[in-house]
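As structure tokens, the structure follows; a few thoughts come after it.
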Amino acid sequence: MAQAERIDRPTRWDAAFDPDMTDADFEMLMARPEIKSIESDAFPKTVSLDGVVRYDMRVNHYNAGDIVVREGDYGNSAFLILQGELVIARDPGIPADQLGRVKADRQGIGQRIANIWRNSWVPEVRDTDRYGQRTGASGPQSGKRGAFLQDVPAIMREQDTIILKEGTLFGELAALGRVPRSTTIFAEHPAVVMEIRWQGLRDIMKYDRECRRKINELYREAALESYLRQIEILDDVDSEDFSEIAKHCLFETYGTFDWNVTFRRGKPDEPVIAREGDYPDGLLVIRAGFARVSKEYGNGRRTLTYLGAGDMYGLEELYHAWKNPDSGDLSLNCTISALGYVDVIRIPVTVLEEHVFPNMRQPSGSNLTLLDRTVADDALLEWAIDKRYMNGTQSMVIDMDKCVRCDDCVRACSATHGGNPRFRRDGQIFDHWMVANSCMHCKDPVCMIGCPTGAIHRSIETGTVLINDDTCIGCATCANSCPYSNIVMVPIRNKQGVPLIDTAESGQPIVKATKCDLCAGRPGGPACVRACPHDALSRVDFRDFHLEAMD
Amino acid sequence: MLNLAHRLVLPGVLGIVLFAGLWYAADRTYMQLGNPKILTGWSLFGLMIFLALFNTRKKLAAFNLGRAKTWLALHVAGGVLAVAVFLFHTGTLWPLGAYEQFLTALFWLVSLTGILGLAIITVYPRRLTDSGLEIIYERVPAEISEIRQLAEAEVIACTEEAGQPTLSDHYEETMDWYFRRPRFFINHLVGGVQAAAWIRSQGDAVRRYLSDKEAPYLDRLLALAERKAIVDKHYACQDVMRKWLVAHIPLSVALIGMSVWHLLLIHVYSQ
Numbered sequence: 014m015a016q017a018e019r020i021d022r023p024t025r026w027d028a029a030f031d032p033d034m035t036d037a038d039f040e041m042l043m044a045r046p047e048i049k050s051i052e053s054d055a056f057p058k059t060v061s062l063d064g065v066v067r068y069d070m071r072v073n074h075y076n077a078g079d080i081v082v083r084e085g086d087y088g089n090s091a092f093l094i095l096q097g098e099l100v101i102a103r104d105p106g107i108p109a110d111q112l113g114r115v116k117a118d119r120q121g122i123g124q125r126i127a128n129i130w131r132n133s134w135v136p137e138v139r140d141t142d143r144y145g146q147r148t149g150a151s152g153p154q155s156g157k158r159g160a161f162l163q164d165v166p167a168i169m170r171e172q173d174t175i176i177l178k179e180g181t182l183f184g185e186l187a188a189l190g191r192v193p194r195s196t197t198i199f200a201e202h203p204a205v206v207m208e209i210r211w212q213g214l215r216d217i218m219k220y221d222r223e224c225r226r227k228i229n230e231l232y233r234e235a236a237l238e239s240y241l242r243q244i245e246i247l248d249d250v251d252s253e254d255f256s257e258i259a260k261h262c263l264f265e266t267y268g269t270f271d272w273n274v275t276f277r278r279g280k281p282d283e284p285v286i287a288r289e290g291d292y293p294d295g296l297l298v299i300r301a302g303f304a305r306v307s308k309e310y311g312n313g314r315r316t317l318t319y320l321g322a323g324d325m326y327g328l329e330e331l332y333h334a335w336k337n338p339d340s341g342d343l344s345l346n347c348t349i350s351a352l353g354y355v356d357v358i359r360i361p362v363t364v365l366e367e368h369v370f371p372n373m374r375q376p377s378g379s380n381l382t383l384l385d386r387t388v389a390d391d392a393l394l395e396w397a398i399d400k401r402y403m404n405g406t407q408s409m410v411i412d413m414d415k416c417v418r419c420d421d422c423v424r425a426c427s428a429t430h431g432g433n434p435r436f437r438r439d440g441q442i443f444d445h446w447m448v449a450n451s452c453m454h455c456k457d458p459v460c461m462i463g464c465p466t467g468a469i470h471r472s473i474e475t476g477t478v479l480i481n482d483d484t485c486i487g488c489a490t491c492a493n494s495c496p497y498s499n500i501v502m503v504p505i506r507n508k509q510g511v512p513l514i515d516t517a518e519s520g521q522p523i524v525k526a527t528k529c530d531l532c533a534g535r536p537g538g539p540a541c542v543r544a545c546p547h548d549a550l551s552r553v554d555f556r557d558f559h560l561e562a563m564d
Numbered sequence: 016m017l018n019l020a021h022r023l024v025l026p027g028v029l030g031i032v033l034f035a036g037l038w039y040a041a042d043r044t045y046m047q048l049g050n051p052k053i054l055t056g057w058s059l060f061g062l063m064i065f066l067a068l069f070n071t072r073k074k075l076a077a078f079n080l081g082r083a084k085t086w087l088a089l090h091v092a093g094g095v096l097a098v099a100v101f102l103f104h105t106g107t108l109w110p111l112g113a114y115e116q117f118l119t120a121l122f123w124l125v126s127l128t129g130i131l132g133l134a135i136i137t138v139y140p141r142r143l144t145d146s147g148l149e150i151i152y153e154r155v156p157a158e159i160s161e162i163r164q165l166a167e168a169e170v171i172a173c174t175e176e177a178g179q180p181t182l183s184d185h186y187e188e189t190m191d192w193y194f195r196r197p198r199f200f201i202n203h204l205v206g207g208v209q210a211a212a213w214i215r216s217q218g219d220a221v222r223r224y225l226s227d228k229e230a231p232y233l234d235r236l237l238a239l240a241e242r243k244a245i246v247d248k249h250y251a252c253q254d255v256m257r258k259w260l261v262a263h264i265p266l267s268v269a270l271i272g273m274s275v276w277h278l279l280l281i282h283v284y285s286q
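Quick note, the sequences are listed as chains A and B, same order.
The opening residue of the first sequence carries number 14 in this note's numbering; numbering runs sequentially from there.
The opening residue of the second sequence carries number 16 in this note's numbering; numbering runs sequentially from there.
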């Protein structure tokens, strides 16, 4: 039997956000009033404020035209302007072709041929030499990407801009909410910016109450402003009315940020946002998360649909009541409840009646039309929501009426991942659909909560949830968080096939988190889908899939 | 998700066009005093190579060699086309020479196993889904062992509680055979209900001798037997779904090998 090799167990701060941070930078950051005002005594020894500054922050220097964050990118960090100013191009926005998106590394034909021989019969082999050269933690480095705008003066001339001044914190919305950046921010003149990865921001918020209050306040204000601008019915509202609407809007959250914990225990929380029969006091706009729309039916509740980010509830009822004040019935037709963690913007009915409805066309459709479907039609939807599958954007669904259980999909996955399949052809079954145990690349990837190094992250280019093996420390936080048990911890081996164990006395195996990466970097999409001869396997967003399955 | 019949439309049309083209080319060759058998023979060989490439595509999953579902549709349509081209080439179902007969036998065996495989992959998946249980093939032995242990535990508990060996004797004499390993393999393949009938008859046979205390144990034992019948059905169907290729692929390789020799002989002796 082969002997085990001992290596140091990876720890959270093995991989600094900026491994090249100088002492001068560190001292400069520590001397900043924003950092100085944080209560360092409140931090535990294992997560000291010094450590957060040293390992979770970096100082970025931008030249004129450099892009700091790009609209649509998934970011894992927030920013604080240390010197200079930055610019938001608000309206009409910078065209996508000027934003210089970076293409993901693609596996060439030569590399794929080489992989035929490289794929090992020994499971989970790693090149351990790479672990000694860990650099940036979260793969793509959004703040240091190097993308820049060609013609800044023209942009400044043509765009409606907002200037962000020294001391402004931004990007916390995407960092904490796991949502894409809502706008592009760039430097018009040279600027110095501190970037903090979200794990550090989370820790500061956890241990410093005042900082938490400030960030929450900022987070709410920024969310409200940016999201109101994306609501279609507010498109034609003039800026004066818009300010009035923004002033009166309520920003609410339901459920817990780590909803996966109660879900995994089999006792999912589902707090009610608005109850059937209650008076509708405002339009509800879902900013993040999911909400169930249900109605009393027999002895239970029947799910009519679910709402995701950008969806609204109550518009038809409120408009109808405003248009027909004598119709009498003003109560809500359905109950809306939070499936996990939900951010909601509530626009009060009085504001709508004064500033929105007079200039708006009658909205079409109503949730009640969904009652025309049979209970059997909706059984799949009901099941999928109970299992929280609506969270998945790329769920692996297998049509068992077509699947011949040949495992060609598993073999294809294995062939493209060094001989190690990244999913199990097993899972929950409804009727003839199986949702296999494969990463669903969730809209709300709770697996990212708590990753100490940011090894699990969203691909900036595609939004795919990926694990950076070099910086994964094997803490299993992601695997324990995944509500669907789709992340697997595996003991790893070196290139000679020797199992790796900790240098510490315990000698425990070194493990890494593994999951489906949608065959990132390989042209043609996931190999499992391409390998299925019977067209039984597909990657689906459940909202589309439900409609397709009904047909 | 288009089913196979829909996916076969375009390859089917393509196959008809190719066959018509081959017919026309062979006719022209004949009219020009050439040997159309050479043309049809090489076409058949090329087609067989193309059909064999489907298996190669499966092995090279990391390459962009097209989606396997397209390959399968082309494989099925190509298989039908191969039969037509074969008949066109030989002009008979069964030729005269010994070598040609061997070659023809291989061809028909490959075709038959292909048709059988097509029937299997069309019928069995739905039958397994309808069983209401999904079992990974490799887990079948463990599942049967688990069911057997539960069954034996029920029998022992029954004997201990009732103080009568009736159920345990019956288990040992008859039902132990059933719980030992997968049973009614062929019957499950043809969609029969022999297993259910056997379980029912075994239950009926012993029930009259059981006390009220023992009857619930028998009910639970029969429930376990019914669960095992589903496991057996999965074993039988999944086993055949995997193993029909063990006949189809080696026969195909042998056919291609023999065809190469056939081509060599034809070209050597036709000079």
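Yeah, the Cβ is synthetic: ideal placement off N, Cα and C, and Gly gets one too.
In this text the structure is predicted, and so the values were computed from the model without any measurement.
### Query
What do you reckon, are the CB atoms on A468/A and M409/A nearer than 7 Å?
Cβ distance not < 7 Å, so A468/A and M409/A don't count as in contact.
### Message
Is the beta carbon of L96/B closer than 7 Å to that of G30/B?
### Response
Yes.
### Task
Check K116/A in the structure and name its three-state DSSP category.
In this prediction, K116/A has a pLDDT of 48, which is less than 50 and means its spatial position is unreliable; what the coordinates show is noted afterwards. If DSSP states are grouped into helix, strand and coil, K116/A belongs with coil.
#### Entry: Residues of the segment 166–199 of chain B whose Cβ lies closer than 9 Å to any Cβ of chain A, in chain order
Per Cβ criterion, the list is empty.
### Query
With distances taken between CB atoms, is the gap from F60/B to S267/B smaller than 7 Å?
Going by C-beta atoms, F60/B is not nearer than 7 Å to S267/B.
### Distance between W109/B and D548/A (C-alpha atoms, nearest Å)
Within the model, the alpha-carbon separation for D548/A versus W109/B is close to 37 Å.
### Query
Would the beta-carbon of L225/B fall within 7 Å of that of L233/B?
Against a cut-off of 7 Å, the Cβ pair of L233/B and L225/B comes out as a contact.
#### Entry: R313/A, enclosing alpha helix (DSSP H) - first and last residue
Sequence check: residue 313/A is Gly here, not Arg. Residue range 313–320 is occupied by the beta strand (DSSP E) that includes G313/A, with no alpha helix (DSSP H) assigned at that position.
### Query
Can you list, in chain order, the residues of the segment 58–80 of chain B whose Cβ is nearer than 7 Å to any Cβ on chain A?
Those would be K73, A76, A77, F78, N79, in chain order.
#### Entry: Alpha-carbon to alpha-carbon, H185/B and C545/A
Roughly 47 Å separates the two Cα atoms.
### Message
If you follow the beta strand (DSSP E) that F161/A is in, where does it begin and where does it stop?
### Response
First-last for F161/A: undefined, no H or E at that position.
### Message
Tell me the residue span of the alpha helix (DSSP H) that contains H430/A.
### Response
In the DSSP annotation of this structure, H430/A is not part of any alpha helix (DSSP H), being labelled neither H nor E.
### G295/A burial status per 10 Å Cβ neighbour count (16 or more: buried)
Buried, by the Cβ-count rule.
### Message
Tell me the DSSP secondary structure of I101/A in three-state form.
### Response
DSSP, read as helix, strand or coil, puts I101/A in strand.
### Message
Give me, in chain order, the residues of the same chain whose beta-carbon lies closer than 8 Å to that of Q154/A; leave out the 5 immediate sequence neighbours on both sides.
### Response
Model confidence at Q154/A stands at a pLDDT of 47, short of 50, so the residue's coordinates are unreliable and nothing is read from them.
### Task
Would you check if the segment 121–139 of chain A and the segment 420–438 of chain A touch, i.e. whether three or more CB-CB distances between them fall below 8 Å?
The segment 420–438 of chain A makes contact with the segment 121–139 of chain A, as at least three CB pairs between them are under 8 Å.
### Query
Is the Cβ of Q164/B closer than 7 Å to any Cβ of chain A?
No, Q164/B lies away from the interface with chain A (no Cβ there is under 7 Å from its Cβ).
### Task
Would you please state the rounded distance, in angstroms, between the beta carbons of A83/B and K73/B? I believe it to be under 8 Å.
A83/B to K73/B, Cβ: 7 Å. Contact.
### Query
Closest Cβ-Cβ distance between L557/A and chain B: below 7 Å?
It should be noted that the sequence gives Asp, not Leu, for residue 557/A. Cβ-Cβ to chain B under 7 Å: no for D557/A.
#### Entry: the segment 55–75 of chain A touching the segment 198–205 of chain A, judged by at least three CB pairs closer than 8 Å
Output reads yes: the segment 198–205 of chain A touches the segment 55–75 of chain A.
### Task
Look at the alpha carbon of T275/A and the alpha carbon of V81/A, and state the distance between them as a whole number of angstroms.
Rounded to whole angstroms, T275/A to V81/A spans 37 Å at the Cα level.
### Query
At a CB-CB cut-off below 9 Å, which residues of chain A make contact with Y152/B?
In chain order: R418, D420.
### Query
Just how far apart, CA to CA, sit Y310/A and D391/A?
In this structure, the straight-line span from the alpha carbon of Y310/A to that of D391/A is close to 13 Å.
### Message
Quick check on T148/A: does DSSP put it in helix, strand or coil?
### Response
Residue placement at T148/A is poorly supported in this model, since its pLDDT is 43, which falls under 50; the coordinates still yield a value, given next. In the structure shown, T148/A sits in coil (DSSP, three-state: anything other than H, G, I, E or B).
### Query
Smallest Cα separation from F161/A: which of A200/A, D79/A, R103/A, F255/A?
The residue with the shortest Cα to Cα distance from F161/A is D79/A.
#### Entry: Beta carbon proximity, Q253/B to chain A, threshold 7 Å
Yes, Q253/B counts as interfacial toward chain A.
### Query
If we ignore side chains and look at the alpha-carbon of each, how far apart do P293/A and Q253/B end up?
Using only the alpha carbons, I get a separation of about 56 Å.
#### Entry: Range of the contiguous alpha helix (DSSP H) that encloses I442/A
No alpha helix (DSSP H) holds I442/A; the beta strand (DSSP E) holding it covers 437–443.
### Task
Count the CB pairs spanning the segment 511–525 of chain A and the segment 20–37 of chain A that are closer than 8 Å, and state whether there are at least three.
Because the criterion of three Cβ pairs below 8 Å is met, the segment 511–525 of chain A and the segment 20–37 of chain A touch.
### Task
From the DSSP output, in three-state form, read off C541/A for me.
In the structure shown, C541/A sits in a helix (DSSP, three-state: H, G or I).
### Task
Within the same chain, show all residues whose beta-carbon is closer than 7 Å to that of N128/A, passing over the 5 residues directly before and after it, in chain order.
Answer for N128/A: no residue qualifies.
### Query
Roughly how many whole angstroms lie between the Cα atoms of T71/B and L393/A?
Roughly 38 Å separates the two Cα atoms.
### Query
How would you write the range of the alpha helix (DSSP H) that H74/A sits in, first residue to last?
That residue, H74/A, is in no alpha helix (DSSP H); its beta strand (DSSP E) goes 70–75.
### Query
Using CA coordinates, which residue listed in V100/B, R154/B, A40/B is at the minimum distance from P197/B?
Comparing alpha-carbon positions, the option among V100/B, R154/B, A40/B lying closest to P197/B turns out to be R154/B.
### Message
Against chain B, does T429/A count as a neighbour if the rule is that its beta carbon must be under 7 Å from one of theirs?
### Response
It does: the Cβ of T429/A has a partner Cβ on chain B nearer than 7 Å.
### Message
So that I know if they touch, is there some Cβ in chain B lying closer than 7 Å to that of M639/A?
### Response
Since the first residue shown for chain A is 14 and the last is 564, residue 639/A is missing from the structure and cannot be characterised.
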